[in-house]
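Okay, so here's the structure we're looking at.
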Amino acid sequence: MNIIEKIKAYIVQSISDITPDEIDADDDLLGSGIIDSMGMMKLVIFIEEELDIKIPDADMIVENFMTLQNINDYLLQRKDVDLKQD
Amino acid sequence: MIQVKDPFIPLTQSQLSLWTGQRMHPDAPLHNVVYTFDISGDLNPLIFKQAFQVLVDSTDILRMVFNEKDGTPYQHVRPKGAYDVETIDFTSESDGQVIQQWILERTQAPLQLSERPFDSVLLKLNETRYIWFLKLHHLITDAVSNALLYQRMESLYKRLSNEKSDEDIASPSFADYVDYEGQQREDPKNKASQKYWKANTSNAPDTPKLYGKKEDGKSTATQRVPSKLGIERTARLRELANRPVIRSWTEDLSLFTLFATVYAIYLHRVSGENRLAIGVPAHNRIEKRFQKTVGLFVEVLPIFVDIEEDDSFFTVLKRVKSETNTYLRHARAGTAPVDVKRSFNAILNYIQADFPDFWGFPTQTEWVHNGHMDSSHAIRCHIHAFNGKNDLEITFDLNESVFSGATPDHVPHHFLNLLDALLDDIDQPIGKANVVSRQESESLLGELNQSSEASVSVLKSFEQQTAQRPNAIALQDGSEILTYAVLNKRANQLAHYLQSQGIDAFSKVALQLYRSSEYIISILAVLKTGAAFIPIASDQPSDRVKYMCKNSGCSLLITEKGLNKIGKEGLKKGLDSTTVPTLVVSEVQHKISEEGTSNLEIALAPDSLAYILYTSGSTGKPKGVMILHRALSNYVQWAGQAYGVDENSVFPLFTSIGFDLTLTSTFLPLISGGRILVYKEQNQGPDISLVHVIEDNSVNVIKLTPSHLVLLSGRDLSSSYIKTMIVGGEDLKTGLATAVTSAFSKDLRIFNEYGPTEATVGCIVSEFDAGQHTGTSVPIGQSIDNLQALVLDSHKNLVPRGVVGELYLSGAGLAFGYVDDVALTAAKFVVHPFTKDAKMYRTGDLVRINTAGDFEFLGRIDDQVKLRGHRIELSDIEANLAAHPDIENCAVVVVENKKRIPENEVVNCIECGLPSNYPEIEFNQDGVCQLCTAFSNYEEKVKRYFKNDDELVRVLTSKRVQNSKYDCISLLSGGKDSTYVLARLVNMGLNVLAFTMDNGYISDQAKANVDRIVTKLGVDHVYGETPHMNEIFVDSLHRHHNVCNGCFKTIYTLSTQIALEKEIPFIVTGLSRGQFFETRLTEELFWDDTLDTVKIDNTILEARKLYHREQDAVKDLLDVSAFEDDAVFEKVQFIDFYRYSDVSLEELLAYLKDKIGWIRPTDTGRSTNCLINQVGIYVHKKEEGYSNYAFPYSWDVRLGHKTRNESLEEINEHIDETEVQRIMKEIGYETEEEPSESQKLVAYYTGDPNTSVKYLRQFLTNKLPAYMVPTLFKHMDEIPLTKNGKVDKNALQNLSSAQLSMDTPYTAPRNEIEELLEGVWKEVLQLKKVGVHDDFIALGGHSLAAIRVTARINERIEVDFPLNMVFERPTIAEYAIFIEETLTELLKI
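Just so you know, the protein sequences line up as chains A and B, in that order. Just so you know, this note's numbering puts 49 at position 49 of the first sequence, and the rest follows in order with no gaps. This note's numbering runs 86 ahead of the 1-based position in the second sequence.
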């Protein structure tokens, strides 16, 4: 399972009352109300624990977290993350 | 599947907190959460009722009831049962007020928690309008739950209306959340967050006072102030929230961040605090399964915001954003500590709850205020958009114990003013934004009490009185009684004389006189010539008088015989008569008597200079305040009326004439036809004139300071004639005023007068009223006529009423400025921001306006200190400490630890290498230290002190007796110096016993060296040891911050014992010449013009005796009885080898290598053969900043035994910290209190000396946050005062830590001899202040310091005092008496 699938599974399981089919990679997680800010922080902590990284305040911006695709892109450009390992 | 649950469900932490709050206020409806939904449509009440029944049946929290069992509350779910929604028909009611009244009453009606914690009523207004009234106890709901209930109710109604069958409509259970919360509390995953909240809660600053007031913790009564942002503002706010640099994850979070930013700045502006904690409810529904559960989930947790003075709105926003992230990270169920709510008193509640229209009917939602809130909250700010997102609503709930009068109405304005400033320009400094609105400004600026300004000068008033009552007594000075006519005549004669001496309207005349008729005559005379007078107190030192005369450019000094000529010192540095002519009136009285007696009739323009008064300046030089006639008249004329001074008034003139409060007693009687009674000061010693004033009981008005009043305590003054008391100069405590009121007769009036010299004597005044004035201090009241008092923040904005700010003064009383100090004048007399072309004086005093409209003095702005980030008002601590019954008076200061030069900024003397962080060292422009510079002056003498090898042999063999086996003991450490000594002694043919101290830390290689050397040299050798070595090390580290002192003393003690035992007459040390200057020699010994080595040796011997008798671990733990008898110093003499032998390091090493086979140990540091030495260096560097070898090595360099580089290499040697820590642990050395604490609070107090400090600390801990509780408490016999009778904080601040830990109170030097001694003590002990009762040894004085102190005293007094006198009379006071006695004896001969 790649990280995006893991994140999706986590959202469905622990954060939002939504089914996996209802989230597309380009869906606005924040604006559509799938996740609120507290939920997003929960997701950030999940990603941090899952990948053993730290996401600094400066990176916690809409551009990096609005959609699953954004999250993926953000993590890809981080040199300390090896997404392939999963 | 249904699980059977424990019927007794515990409460969650949030519930528990609410439960406790409700129990404290059982009758207050503070947790009744009430909504009304105003539904416009033909609702079917029957279906509505059915729907609600289903809602109750399907929602467990609605059936939850609360009880207590054995003191522990619990909840349980009642079985389903019929619930009938009450319906009330208001169709016949046309008055909307009636319905509102019903809603209010029903809202406040208590809920029975054990029965049914909710209430639901349907009000019918007409066929198409209903109001659903829903009331729930907060224990079962929160904002999201309310919306959920509403939405469920609506959907149930919809479903039942469409006659759909019941599907699964069970709402998730709240009981599950209770379980979950309990688990979370134990979950190790939450450890970090629990730790975060705990740390931040316990470190939280004290909750702020808002508008100067703090919640009383008891009242729940609350005023709700709603307001709307308006559509335009809301739109602008949304636009801003969506800007890329501002926006957060969601628009709601962005808006929250913006509101939190404004809220934090608002709280800062209305409290003056820089670190704010804002309680923010966390919805706590991050678990998916609880998102639709109804119940109390919300938990209030703090966000901390630091505000800096130079912040812009945007910089605060960035900080808030980051803090919000931290908050979101940690805000999870089960992480908050129980006492979290203690950390905040301000709530920001950004409500995200949606109440859509009910089944398509237009619906207006209202959150009804119950009139109460949690008593620990001062203010709550709710942001919501219940009725449409385009117009945000902002609602303030204000605790009535904090907000009263007009303040609640100001709150939304103050908040919105800041919000608008943010919207206008988010990058503008927060200090630029105005909080107060224009209308409020006008009231704060006040209407200047513009009574027509006095056009009559004080002189004119006096002359008018003279004309009216020539024969009335104007002045009485002892037996001399002057009527108005006589006083005026004599003043005229002197004025004519002064005129003849060239004094005119442009002149300034200094008056240094005792309080006397002459002083009053002189003032009047000077004024009559049109000149300005400069009053100078009789006890001013001549240097200062000289400075004032020069600085003011005065053309004449009128003084008296005997003044300015006290003491030898005075003569030398006395007034240079060529610069300022001096007039002694008595000397020319015969001429003056011949002068004319008529008034001079020189008009005194309001803008001409009346006087210059010198006050102490922060630079150490006094500063001259220039007061115009306009200002003087304004005060004096106002005061005369306000204090009811008339022809029957008798004032004592008994305070220092250099103090501006004395001008009241000088002028008020004379312009009113009253009388001055002069109390002349004594020539020396404390001025006890007040006692005479009271005992004489001849005056009825008195002007004095609170410190004077303290002196009166305990006296019965009920028969005193004093009826009017004007108190000024210092903060007047209510307790003192009350005590004075009861000591005097009932009709005493006490006026509390505030006023800096710069605003002429007094400018804000209140009359003490025991009934009204219940605070710690008597308010200073209101400004006098023609004077404006403003309270501004650091950006010169008006602060709202109640808020603390700096006092600025403007108007007629303002000084013209400081003499010859344009810069200071410009800094203190600043442009008035609200009145064109006007100036205002910046007082540096903190004040606020209380609810009665009176100014309250809260201390000096300098008293406001920042300690570890907390802003602390020292006066606040003082007021709390003073409330303790055992405390009479107290003062709190911040004591700074010695400032260290950062290591990378340390430079070394280019000659000797001494580092610049060595105490009190100064380098000249060439980079040479003053020790080197001074040394060049006595270098020759030092050379003569040293001797040669031959002399050494002669000395060491001088006491040879038959059968004695050894000539001397040679102290052998195994290091290069001592090895060389031993080898040379043997080489000289002497019989030597080698002695090595085994301190437990000699390295293996060093020990091998020792054993090899003694074998090779064929000398007898003994090891000395003691089981107490580690204790001695620890003591030495504490006492001297090194290990060597303790070790050396042990060596001397043990080797002396052996010498005595074996009758060996000499012990030879291997101390380097540099070490002589560390332990034996001082510069002072070479001061004599002719070098007398015998005298020096005797002095060193005397010092040695003292050294062995000093109190320390060696004295406690070893047998030192031998040193009690002076004979031991005859029997065993110490000889320093290197005094006789001059060898360079290079030669020495070559000798050791070639002749002895000494190998430098590689298992120790370079400068040693001992493993523990580096502990000493480490501790010394840590405590003092530099190596303990820096000083002796600098001497080695100076004396040519080392090069500068060799020395630097050794003192900068690397230290193995791990090893150091290990050894410190091994010997049991624990560092004393945190040395990193650069500042600490110290409380000085007078009162019961037996009160335990622990008790005082506990007392304050109960009243103040931990960071405000002083680290040290010091009892004093009296608090030192400055000459003007104010607490001398400077003196208190400059006491060293040794002085602070002493039991003796601080007393400043009281006479010239004590001052001289203090000077010497300070130089030698490197202290800033020495109290006359401070003990020399406790101050760190030791035998070497005794040499230096004694030499310096002897030099200055030109007497030979013995060295031990410093120890026999170890205080300045005692030593001073000894000096006096000796001098008296000498004079007799």
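For glycine and all other residues, C-beta sits at the position ideal for the given N, C-alpha and C.
Members of the stretch 500 to 511 of chain B that neighbour chain A once the beta carbon cut-off is set at 7 Å:
none
Exercise for the section: Within the same chain, show all residues whose beta-carbon is closer than 7 Å to that of T1393(B), passing over the 5 residues directly before and after it, in chain order. Expected result: G1417, V1418, H1419
| message | Buried or exposed for I1245(B), going by 16 or more other Cβ atoms inside 10 Å? | response | exposed
Query raised in the report: How is the alpha helix (DSSP H) around M1310(B) delimited, first residue to last?
Result: Annotation for M1310(B): the continuous alpha helix (DSSP H) segment containing it runs 1303 to 1313.
Requested in this report: Determine, using beta carbons only, whether W283(B) comes closer than 7 Å to chain A.
Outcome: no
- Residues that I15(A) contacts on chain B, provided the C-beta gap is smaller than 8 Å: I372, K374
Q. Using CA coordinates, which residue listed in Q269(B), A492(B), A278(B), E1454(B) is at the minimum distance from G939(B)?
A. Among Q269(B), A492(B), A278(B), E1454(B), the Cα nearest to that of G939(B) belongs to A492(B).
Margin query: Please report the straight-line C-alpha distance between L910(B) and K295(B), rounded to a whole angstrom.
Written below: 34 Å
Once you ignore the five residues that flank Y1330(B) on each side, which residues in its own chain have a CB closer than 7 Å to its CB?
C976, A977, K1360, M1362, I1365, L1378
- Whether V1200(B) touches A1145(B) by CB criterion (7 Å): no
- Query: Can you list the residues of chain B that I45(A) reaches, using a CB-CB cut of under 9 Å?
  - Reply: R415
Per DSSP, cross-strand counterpart(s) of S126(B): R215(B)
Q. Which residue's Cα is closest to the Cα of F830(B): D871(B), I870(B), N786(B)?
A. N786(B)
message: Counting only C-beta atoms, is D89(A) closer than 7 Å to chain B at any point?
response: The question about residue 89(A) has no answer, for chain A in this structure spans 1 to 86.
To which residues does DSSP link Y1330(B) through a beta bridge? A977(B), K1360(B)
Measuring alpha carbon to alpha carbon, tell me which residue in V1355(B), E1170(B), G358(B) is nearest D879(B). G358(B)
Work out the CA separation of N637(B) and D662(B) for me, nearest whole Å. Its pLDDT being 49, under 50, D662(B) is placed unreliably in this model, and the value from its coordinates should be taken loosely. Using only the alpha carbons, I get a separation of about 14 Å.
For the candidate residues G127(B), D477(B), L884(B), whose alpha-carbon lies nearest to that of V522(B)? Considering only alpha carbons, the answer is L884(B).
- Note down, in chain order, each residue of its chain lying with its Cβ closer than 7 Å to the Cβ of N473(B), except the 5 sequence neighbours on either side. Q450, T451
Exercise for review: For the stretch 324 to 351 of chain B, enumerate the residues whose C-beta is nearer than 9 Å to any C-beta of chain A, in chain order.
Suggested key: Per Cβ criterion, the list reads P330, R333, S334, W335, T336, E337, D338, L339, F342.
Notebook entry, point to check: Taking just the CA atoms, how far does V120(B) sit from Q139(B)?
Noted result: 19 Å
From what residue to what residue does the alpha helix (DSSP H) around N72(A) run? 68 to 77
Q.
Going by DSSP in three states, S1064(B) sits in which element: helix, strand or coil?
A. helix
| If you draw a straight line from the C-alpha of G660(B) to the C-alpha of P692(B), how long is it? | Below a pLDDT of 50, predicted positions are generally treated as unreliable, and G660(B), at 43, falls in that range; the measurement from the model is reported next regardless. So the two alpha carbons sit approximately 36 Å from each other.
The alpha helix (DSSP H) that contains N966(B), what's its start and end? 960 to 968
Same chain, Cβ closer than 6 Å to H1502(B), five either side skipped, listed in chain order: Given a span of 87 to 1475 for chain B in the structure shown, any question on residue 1502(B) remains unanswerable.
Exercise for review: Enumerate, from N- to C-terminal direction, the unbroken alpha helix (DSSP H) stretches of 4 or more residues contained entirely within the stretch 656 to 740 of chain B.
Suggested key: 675 to 678, 715 to 728
TODO: Using a cut-off of 8 Å between C-beta atoms, extract the partners of S408(B) located in chain A.
DONE: D57
### Task
Please go through the same chain and pick out, in chain order, the residues whose beta-carbon is closer than 7 Å to the beta-carbon of A898(B), but skip the five residues on each side of it.
E539, R716, A717, N720, N872, L873
| Inter-residue CB distance, T921(B) and H859(B) (contact presumed, cutoff 8 Å) | In fact, because the Cβ distance is near 31 Å, the residues do not count as touching under 8 Å.
Practice item. Go ahead and pull the three-state DSSP assignment for S624(B). Key: coil
Measure how close the beta-carbons of E816(B) and P792(B) come, nearest whole angstrom, since I'm counting them as under 8 Å. 5 Å
Rounded to whole angstroms, how far is the Cβ of C635(B) from the Cβ of V595(B), which I believe are closer than 8 Å? The pair is not a contact, with the Cβ atoms about 10 Å apart (cut-off 8 Å).
- Does any residue of chain A bring its CB to less than 7 Å from the CB of P1321(B)? For P1321(B), the predicted model reports a pLDDT of 42, less than 50, meaning its position is unreliable and no value from the coordinates is stated.
- Query: beta strand (DSSP E) containing G945(B): first to last residue?
  - Reply: 941 to 946
Note to self: Is the beta carbon of C1054(B) closer than 7 Å to that of F1119(B)?
What the structure shows: no
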